[in-house]
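See structure below.
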Amino acid sequence: MSLSKKIVIATRASKLALWQAEYVRNNLLLFYPEYSVDLLTIITKGDRFLDTSLSKIGGKGLFVKEIEKSLLDNVADLAVHSMKDVPADIQNDLEICSIMHREDPRDAFISNTCFSMDELMPGSVIGTSSLRRESQIKNLFPELIVKSLRGNLDTRLNKLDSGDYDAIILASAGLKRIGYNARIKQYIDSDVILPAVAQGALGLQIRSDRDDMRALLSVLSCVDTTACVSAERSFLRMLGGSCQFPIAAYATLIGNNLLLKGLVASVDGNNIIKSEIFGPVSTAADLGEALAHDILSKGGDKILNSLSF
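Counting from 1, position 61 in the sequence shown corresponds to residue 152 in our numbering; the numbering is continuous, with no gaps.
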């Protein structure tokens, strides 16, 4: 699809995904008011199969494959993704050309009866869609019952409100973006539950041969977020690149340096290998690889080899 004065953005059909696509659209129009920007909504396999855990039906990559097809088929010019849903390895014909400023990367605790995880009584049911969260919750609060939670944000909140759960854990970024801040009872510090790789970051994906779109979208890139996400995704890629596994990483910038924390965990939470690395931000991807090797050498390899879905 050659670039005219019209840009087509491919997006999932959920409220959050549409908000994110509209956010990109509005930012594009600020820089390029002469363009028209349309949204192409796609209902993905990950959106259709809500009665099975993601780890059992192919992981979060299910949310991006059909959207990527719209790029490959020249139906859309770019796709907007939550970077935490994007597999570490992207097929050769496509690329993430721009990563925008990161929203809050922390997880959020939501409950109608408690103000923090510490207040939950033994036997309380806490919902999450993430094995990463599940393993860390079980490690910190073995007395809680962790129950799978699928669906869009409204569906998950409705399940909490109907009494299916005593509390649920969601990404702060999504809640903030669609104005659900008031539902958040506790922002969970990254030192308590380490976030997902690239959580809170939006990525813009194009065909690799679209030099025109790459140049156009460069104005939306955030240098700092790109460096942090590069380190985190490099860590994930070196560990096998699967967002199905209980893997977490979070990078922060300190001056011209980058601090990257990562972990690999068993699903039951009994075994968690954590480590961190510090170095020049210019070596972000190398830091991710080095941290992955460190965790693998400390027993992370045995944990990953024991996991099967």
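Heads up, the beta-carbon is just placed ideally off N, CA and C, and yes, glycines get one too. Please read all numbers here as calculations on a predicted model, not as lab measurements.
(Q) By the DSSP assignment, the beta strand (DSSP E) with residue 194 in it spans what residues? (A) By 1-based counting over the sequence shown, the position of residue 194 is 103. Taken as a continuous stretch (DSSP letters only), residue 194 belongs to no beta strand (DSSP E), as it is neither H nor E.
Q) Does the distance from the C-beta atom of residue 355 to that of residue 331 stay below 7 Å? A) For this step, residue 355 is matched to residue 264 along the sequence shown. For this step, residue 331 is matched to residue 240 along the sequence shown. Against a cut-off of 7 Å, the Cβ pair of residue 331 and residue 355 comes out as no contact.
Q. Rounded to a whole number of angstroms, what is the C-alpha to C-alpha distance between residue 135 and residue 101?
A. Counted from its first residue, the sequence shown places residue 135 at position 44. Counted from its first residue, the sequence shown places residue 101 at position 10. Each residue's Cα considered, the two are about 11 Å apart.
Q: For the alpha helix (DSSP H) holding residue 265, just list the boundary residues, first then last.
A: For the purposes of this step, residue 265 is taken as residue 174 along the sequence shown, with counting starting at 1. Unbroken alpha helix (DSSP H) run through residue 265: 263-268.
Q. For residue 48, does the count of other Cβ atoms within 10 angstroms reach 16, so buried, or fall short, so exposed?
A. What the structure shows of the chain is the stretch from 92 to 400, and residue 48 is not part of that stretch, so it cannot be assessed.
Q) From residue 228 to residue 203, what does the alpha carbon distance come to, in whole angstroms? A) Translated into positions along the sequence shown, residue 228 becomes position 137. Translated into positions along the sequence shown, residue 203 becomes position 112. Cα-Cα distance, rounded: 19 Å.
Q.
Considering just the uninterrupted stretch of the alpha helix (DSSP H) at residue 393, what are its terminal residues?
A. Taking the first residue of the sequence shown as 1, we reach residue 393 at position 302. Element bounds for residue 393: 392-397.
Q. The beta strand (DSSP E) spanning residue 186 covers which residue range?
A. Within the sequence shown, the letter at position 95 stands for residue 186. Counting along the chain, the beta strand (DSSP E) containing residue 186 begins and ends at 185-190.
Q. Span of the alpha helix (DSSP H) holding residue 108?
A. By one-based count along the sequence shown, residue 108 stands at place 17. Segment 106-122, the alpha helix (DSSP H) holding residue 108.
Q) In chain order, which beta strand (DSSP E) runs of at least 3 residues are fully inside the region 166-253? A) Restricted to the region 166-253, the beta strand (DSSP E) segments that are unbroken, complete and at least 3 residues in length are 169-173, 185-190, 198-201, 216-219, 236-239, listed in chain order.
(Q) I need the straight-line Cα distance from residue 258 to residue 242, nearest angstrom please. (A) Here residue 258 refers to the residue found at position 167 when the sequence shown is read from its first residue. Here residue 242 refers to the residue found at position 151 when the sequence shown is read from its first residue. So the two alpha carbons sit approximately 15 Å from each other.
(Q) For residue 196 and residue 208, what's the separation of their Cα atoms in angstroms? (A) The count along the sequence shown starts at 1 and reaches residue 196 at position 105. The count along the sequence shown starts at 1 and reaches residue 208 at position 117. Whole-angstrom Cα-Cα distance: 18 Å.
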